[in-house]
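A.B. asks:
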Amino acid sequence: MNRIPIVFAFDSNFEMPAGVCLTSLLENAAQDTFYEIFVLHGRDTDFSGSKLNRLPEIYKNCSLTFKDVGGSFSGAYQVRGITEATYYKLLIPEFLPEYDKVLYSDVDVIFREDLRRFYDLDLGDHYFAAVDNCAELRPEAREYVTNLGLDYNSGYFYAGNLVVNSALLRADKMTETFRKMGSQTYQQQDMDIMNIACNGRILRLDPSFCLSIQLYHLIVNRRKEFEKLFSSELLERALESGIVHYNGAKPWNGACLNMDIWWDYYRRSIWFDQKFCFDFWDRQCTLLDRLPLGKRFRLLVRGLLGR
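Going by my numbering, the final residue of the sequence shown carries number 1104, and the count climbs one at a time with no gaps.
1. Since I believe LEU849 is in contact with GLU812 (beta carbons under 8 Å), could you give me their beta-carbon distance rounded to a whole number of angstroms?
2. Below 8 Å on the Cβ atoms is my contact criterion, and I expect ALA926 with LEU1000 to pass it. Report the Cβ-Cβ distance as a whole number of Å.
3. Only counting the same chain, and skipping five residues up and downstream in sequence, which positions put a Cβ closer than 7 Å to that of TRP1060?
4. Please list, in chain order, all residues of the same chain as ARG935 whose beta carbon is under 8 Å from its beta carbon, the five residues on each side excluded.
5. Mind checking which residues open and close the alpha helix (DSSP H) that includes SER821?
6. Classify ILE1067 as helix, strand or coil using the three-state DSSP reduction.
7. From the DSSP output, which residues share a beta bridge with LEU1031?
8. To the nearest angstrom, how far is it from the Cα of TYR832 to the Cα of ILE1040?
9. Contact between the stretch 952-971 and the stretch 1023-1039: three or more CB pairs below 8 Å?
10. What's the gap between the Cα of VAL928 and the Cα of TYR983?
11. Mind checking TRP1068: buried by the 16 CB within 10 Å criterion, or exposed?
12. Tell me, please, whether the stretch 1071-1084 touches the stretch 942-953 by the rule of three or more beta-carbon pairs shorter than 8 Å.
13. Opposite CYS1172 in the DSSP bridges: which residues?
14. If you count every other CB in all the chains shown that lies within 10 Å of the CB of LEU1088, and 16 or more means buried, which is it?
15. Counting Cβ pairs, one atom from each stretch, are 3 or more of them under 8 Å apart for the stretch 879-895 and the stretch 830-845?
16. Which whole-angstrom value is the C-beta distance of THR972 and PRO890, which I expect to be below 8 Å?
17. When we look at the beta-carbon of LEU1085 and count the other beta-carbons within 10 Å, is it buried (16 or more) or exposed?
18. Consult DSSP for ILE803 and reduce its assignment to one of helix, strand or coil.
19. Roughly how many whole angstroms lie between the Cα atoms of LEU900 and GLN981?
20. I need the DSSP call for ALA926, collapsed to helix, strand or coil.
21. Apart from the five residues on each side of it in sequence, which residues of its chain come closer than 8 Å, Cβ to Cβ, to GLY921?
22. I'd like to check one pair, ALA827 with ASP911: are the Cβ atoms closer than 8 Å?
23. Given this structure, state the Cα-to-Cα distance separating PHE892 from LEU947, to the nearest angstrom.
24. For ARG840, which residues does DSSP report across the bridge?
25. Rounded to whole angstroms, what is the Cα-Cα separation between GLU854 and SER860?
26. Under three-state DSSP, which class holds SER963?
27. By alpha-carbon positions, which one of HIS923, PHE908, ILE907, ASP905 ends up nearest to LYS898?
28. Relative to the C-alpha of PHE863, which candidate in TYR949, ALA806, ASN996 has its C-alpha closest?
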């Protein structure tokens, strides 16, 4: 059995999306994969009565452990309603000292394949492995990365899905650096800290490990340019079975790209609620009915083309 430790960080407000995320993880696990799932949370969150506790009963290929790490990043900069919990990923080497390597994921994602190929990566002297935001193809991203004092050609990496080299981070005392940077006003918070502190020490992965909305648009609309960075086969794999990251609009709140994928796993999960489902789609239909015919047609075309 291949045991894979994977870490998430969220509070009770995100239990339902987290549950759908974990459902997709376990539904796509290989027969010989066992996920050791850890949930990092703050002091005010209590999961004792949560449906999450039923997952190891339903899926025999996992364990589930909750860890209260509240206050670990107290005083950290918070913006856009994103709280202290977003920084917890940077302290994983401290929270789980028994592991030399772990996976981390945000919960606004859907998994569509087993994760062993990512966990088995040789990280060498890299602190993390992650997916680059491909700033060289996106002018607005280039400007942002440059303003941070970074070279966009060296990569600016998403923090939503990570392979974490905990052993090396501990050896180099990087968590101390992360803590010191936490109070600074970085717009992208933990992601900026990771990219600045670990500049040149993050291994670039193909988009299938974190298929963000921005990368999805690039693959579909600027395929030839993207194929200079990754092979056509890797890009196709990302579209077909990559980890879908809803790093913009959330599919449980409203219409967004790839919402159909999320809703498929929501319906499979123990969090499925007929009224919530009906009310959501009723609202979408009402909004659609209010649009002029021309806009309705454009939405239909975008849906058919995946754009």
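Note that CB positions come from ideal geometry on N, CA and C, so glycine has one too.
C.D. replies: Per the coordinate set shown:
1. Mapped onto the sequence shown, residue 812 falls at position 15. Mapped onto the sequence shown, residue 849 falls at position 52. That belief holds up - the Cβ atoms of GLU812 and LEU849 are roughly 7 Å apart, short of 8 Å.
2. By one-based count along the sequence shown, residue 926 stands at place 129. By one-based count along the sequence shown, residue 1000 stands at place 203. 4 Å between Cβ atoms; contact.
3. Locating residue 1060 in the sequence shown gives position 263, where the first residue counts as 1. Around TRP1060, the same chain offers PRO1048 as residues with beta carbons nearer than 7 Å, after the five sequence neighbours per side are excluded.
4. Here the question's residue 935 lines up with position 138 in the sequence shown. Annotation for ARG935: GLN1011, LEU1015 place their beta carbon closer than 8 Å to its own, counting only its chain and skipping 5 residues before and after.
5. As a working note, residue 821 is residue 24 in the sequence shown. Annotation for SER821: the continuous alpha helix (DSSP H) segment containing it runs 812-824.
6. Here residue 1067 corresponds to residue number 270 of the sequence shown, with the count starting at 1. Of the three classes helix, strand and coil, the one that applies to ILE1067 here is coil, per DSSP.
7. Reading the sequence shown from its first residue, position 234 is the one you call residue 1031. DSSP, once it has assigned bridges, lists no residue as partnering LEU1031.
8. Here the question's residue 832 lines up with position 35 in the sequence shown. Here the question's residue 1040 lines up with position 243 in the sequence shown. Between TYR832 and ILE1040, the C-alpha separation is close to 16 Å.
9. No, they do not touch.
10. Within the sequence shown, the letter at position 131 stands for residue 928. Within the sequence shown, the letter at position 186 stands for residue 983. The straight-line gap separating the alpha-carbon atoms of VAL928 and TYR983 is approximately 20 Å.
11. In the sequence shown, counting from the first residue as 1, residue 1068 sits at position 271. In the assembly as shown, TRP1068 is a buried residue. Its beta-carbon has 16 or more other beta-carbons within 10 Å.
12. Contact between the stretch 1071-1084 and the stretch 942-953 is absent: fewer than 3 CB-CB pairs across the two stretches fall below 8 Å.
13. Any property of residue 1172 remains undetermined from this structure, which presents the chain solely from 798 to 1104.
14. Start at 1 with the first residue of the sequence shown, and residue 1088 comes out as number 291. By the neighbour-count rule (16 or more Cβ atoms within 10 Å), LEU1088 is not buried but exposed.
15. Remark: three or more beta-carbon pairs, one from each stretch, lie closer than 8 Å, so the stretch 879-895 and the stretch 830-845 are flagged as touching.
16. The count along the sequence shown starts at 1 and reaches residue 972 at position 175. The count along the sequence shown starts at 1 and reaches residue 890 at position 93. About 6 Å separates the two Cβ atoms, so the contact holds.
17. Counted from its first residue, the sequence shown places residue 1085 at position 288. With fewer than 16 other Cβ atoms within 10 Å, it is exposed.
18. Counted from its first residue, the sequence shown places residue 803 at position 6. ILE803 falls in the strand class under three-state DSSP.
19. For the purposes of this step, residue 900 is taken as residue 103 along the sequence shown, with counting starting at 1. For the purposes of this step, residue 981 is taken as residue 184 along the sequence shown, with counting starting at 1. Pairing LEU900 with GLN981, the inter-Cα distance amounts to about 26 Å.
20. Within the sequence shown, the letter at position 129 stands for residue 926. Reduced to three states, the DSSP call for ALA926 is strand.
21. Start at 1 with the first residue of the sequence shown, and residue 921 comes out as number 124. LEU1000.
22. Start at 1 with the first residue of the sequence shown, and residue 911 comes out as number 114. Start at 1 with the first residue of the sequence shown, and residue 827 comes out as number 30. At a Cβ-Cβ threshold of 8 Å, ASP911 and ALA827 count as neighbours.
23. Here residue 892 is taken as the residue at index 95 of the sequence shown, counted from 1. Here residue 947 is taken as the residue at index 150 of the sequence shown, counted from 1. Take the alpha-carbon of PHE892 and the one of LEU947: they are about 29 Å apart.
24. By 1-based counting over the sequence shown, the position of residue 840 is 43. Looking at the DSSP assignment, ARG840 forms no beta bridge with any residue, so it has no partner.
25. If you number the sequence shown from 1, residue 854 lands on position 57. If you number the sequence shown from 1, residue 860 lands on position 63. Cα to Cα, GLU854 sits roughly 9 Å from SER860.
26. In the sequence shown, the residue the question calls residue 963 occupies position 166. In the three-state scheme derived from DSSP, where H, G and I count as helix and E and B as strand, SER963 is classed as helix.
27. In the sequence shown, residue 898 corresponds to position 101, counting from 1. Of the candidates HIS923, PHE908, ILE907, ASP905, HIS923 places its Cα closest to the Cα of LYS898.
28. Taking the first residue of the sequence shown as position 1, residue 863 is located at position 66. Selected option, being the one with the closest Cα: ALA806.
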